[in-house]
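Undergrad: Sharing a structure below in structure tokens format, with a few things to ask.
Protein chains in written order, with this note's numbering: chain A, 1 to 246; chain B, 1001 to 1192.
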């Protein structure tokens, strides 16, 4: 058994995923191990078809691995009853998608409060939590606007508020700023980074190195395998070494 | 970086001392381009010789001497700002050379070589991003300079991604022999 050190919020232990296409087998993930601590942002980079999105759906318990184990908050997902897994998805895990996935008929605050309401929280309390989440992302004045009255950057901030509302501890983001211009994209990454500084663990899938560079650790995926990861970052002062100063 | 023009830009705001110019130059460029005092005075001397700047006072050398821009200096600065730098010739890029060479060396996995460089570049970008998230939040000059560096490194990682994909595709389906006109075209491009 492993040592009882600090529990990872998310842990993949030698996870593989095999899809069958007729008689052929496609290995979307091959023995991937990954551990994400509270407060840590991990970016997963790789080209299309490298297994990034599969990794995210398995981490979010939306799909089961063919082999290996997934632990969220120390609990092995495979051992959980269906209802408990669904509860985990509602209460612990937040999702951010490239195309925001907001419901057009609901206002910003209604969108943000929805996961809590679905989880049985009283409407008034859910709305209060939604309002607070929006305010923490600088959207207090936008709470009663509908998605089509918001800019792309604002919509993604609403989606992040929805992913974080109710003290969720694991944020899974799939190309969260893919639909935004570079300044708005950077703002989204900055907000995710700040959420991690407050203790959230995040996995961000992207093919964009600039966005990945916001992460504490970047894991490279290729053909379903981890091909490398960055070492713990050194401080920016090392950039201003004499070699740089010319 | 053209130090003479950067100094002219600072003088266009009003007369300044040499030391002050050095401090302001470093602050404006986000301290990404440090400059020593000797360089500042040498450049000011040249600007004076060319009639683009002039010193105030009795002509004594030293830190107490203030400099101002001349009308000629203002014209030179305005022209320089609008003149695009020469970007026609591709720079000799060591990384490009390494990947091109790796393709030819027996026993070397070019994809592994590419990944090693990609990893290094992303680590470097992480450091720049940390700088952007820190000091650059309150320092516009630094934010712009860091952006420029991040976009430059990003372009290199994109090239590596493209090279990686292109080499994989070529390995899967070897390219057909080049049409007769192709070598000629290559030589024309190389000669430019």
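A virtual CB, placed ideally from N, CA and C, is assigned to each residue, including glycine.
With a threshold of 16 other CB atoms inside 10 Å of the CB of residue 60 (chain A), please say whether the residue is buried or exposed.
TA: Looking at its Cβ environment, which holds 16 or more other Cβ atoms inside 10 Å, residue 60 (chain A) is buried.
Undergrad: Check for me: the alpha helix (DSSP H) holding residue 1115 (chain B) runs from which residue to which?
TA: Start and end: 1110 to 1133.
Undergrad: Between residue 180 (chain A) and residue 152 (chain A), is the Cβ-Cβ spacing less than 7 Å?
TA: Closer than 7 Å, so yes.
Undergrad: Thinking residue 224 (chain A) and residue 27 (chain A) are a contact (beta carbons under 8 Å), I'd like their distance in whole angstroms, please.
TA: Confirmed, about 5 Å.
Undergrad: Name the residue from A:86, A:70, A:74 and A:158 whose alpha carbon lies nearest to the alpha carbon of residue 112 (chain A).
TA: That would be A:158, whose Cα lies nearest to the Cα of residue 112 (chain A).
Undergrad: Taking 7 Å as the threshold (beta carbon to beta carbon), is residue 1189 (chain B) in contact with chain A?
TA: Note that residue 1189 (chain B) has pLDDT 47, beneath the 50 cutoff, so the model's placement of it is unreliable and the number below is only indicative. So no, residue 1189 (chain B) is outside the interface.
Undergrad: Going by DSSP, what residues sit across from residue 25 (chain A) in a beta bridge?
TA: BP columns for residue 25 (chain A) point to A:20.
Undergrad: For residue 119 (chain A), name the three-state secondary structure that DSSP assigns.
TA: In this structure, residue 119 (chain A) counts as coil in the three-state DSSP scheme.
Undergrad: Is it true that the CB of residue 1129 (chain B) sits closer than 7 Å to the CB of residue 231 (chain A)?
TA: Result no, Cβ atoms of residue 231 (chain A) and residue 1129 (chain B) do not sit closer than 7 Å.
Undergrad: So what's residue 1186 (chain B) in DSSP terms, helix, strand or just coil?
TA: Because residue 1186 (chain B) carries a pLDDT of 48, less than 50, the predicted location of this residue cannot be relied on, and the following value inherits that uncertainty. Helix, per DSSP.
Undergrad: Can you give me the C-alpha to C-alpha distance between residue 41 (chain A) and residue 186 (chain A), rounded to a whole angstrom?
TA: Their backbone Cα atoms lie some 15 Å apart in a straight line.
Undergrad: Which chain B residues sit within Cβ distance under 8 Å of residue 213 (chain A)?
TA: Here the neighbours are 1122, 1125, 1126, 1128, 1129 and 1150.
Undergrad: Is the separation between the beta-carbon of residue 31 (chain A) and that of residue 9 (chain A) shorter than 7 Å?
TA: No, Cβ-Cβ distance for residue 31 (chain A) and residue 9 (chain A) is not below 7 Å.
Undergrad: Beta carbons nearer than 7 Å to chain A: which residues of the segment 1141 to 1170 of chain B have them?
TA: Within the segment 1141 to 1170 of chain B, the residues whose Cβ lies closer than 7 Å to some Cβ of chain A are 1150, 1154, 1157, 1161 and 1165, listed in chain order.
Undergrad: Please classify residue 1091 (chain B) as buried or exposed, where buried requires at least 16 other C-beta atoms within 10 Å of its C-beta.
TA: Result: exposed.
Undergrad: For residue 220 (chain A), count neighbouring Cβ atoms within 10 angstroms of its own Cβ and tell me buried if that reaches 16, exposed if not.
TA: With 16 or more Cβ atoms within 10 Å of its Cβ, residue 220 (chain A) is classed as buried.
Undergrad: Just the chain B side, please: which residues come within less than 8 Å of residue 47 (chain A) by C-beta, in chain order?
TA: Under the 8 Å cutoff, chain B gives 1161, 1164 and 1165.
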